[in-house]
Amino acid sequence: DCSDYVTARLYLNTALSLLPPNHWKTHYDRSLQLSFLFAKSSYSCGDVEKAQGILQEILGECRCIKDKLPAYFLLVTSEYTKELPP
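Numbering (my numbering), first residue to last: -14 to 71.
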């Protein structure tokens, strides 16, 4: 049951929408945290494509490898699960 993840995804999407357009420059830490949690909740609900899109955005905006590692891990995990038989 992914109902908790669905609720989390709605809240995270709302939180991200409230950030200013240049939020990666002005609110880097908050943008990173909210975006990663949004990607993780999307992945947990089975929306792999949405999660991967968010993860690609994170990887494009991150300033250092330490910030990129969780996104890379989830991206690799999502690619692996796409290959599993149904």
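Ideal Cβ positions, reconstructed from N, Cα and C, are used throughout, including at glycine.
Practice task
Tell me whether the beta-carbon of LEU(-3) lies closer than 8 Å to the beta-carbon of LEU22.
Solution key: To locate residue -3, count along the sequence shown from 1; it is residue 12. To locate residue 22, count along the sequence shown from 1; it is residue 37. Taking C-beta atoms as the reference points, LEU(-3) and LEU22 count as a pair closer than 8 Å.
Handout entry: Boundaries (first-last residue) of the alpha helix (DSSP H) holding ASP32
Key = Here the question's residue 32 lines up with position 47 in the sequence shown. Counting along the chain, no alpha helix (DSSP H) covers ASP32, and no H or E run does either.
Exercise for the section: Would you identify the three-state DSSP class for GLU64, choosing helix, strand or coil? Expected result: Mapped onto the sequence shown, residue 64 falls at position 79. It is helical.
Practice task
Have a look at LEU19 and THR66 and give me their C-alpha separation to the nearest angstrom.
Solution key: Taking the first residue of the sequence shown as position 1, residue 19 is located at position 34. Taking the first residue of the sequence shown as position 1, residue 66 is located at position 81. About 23 Å.
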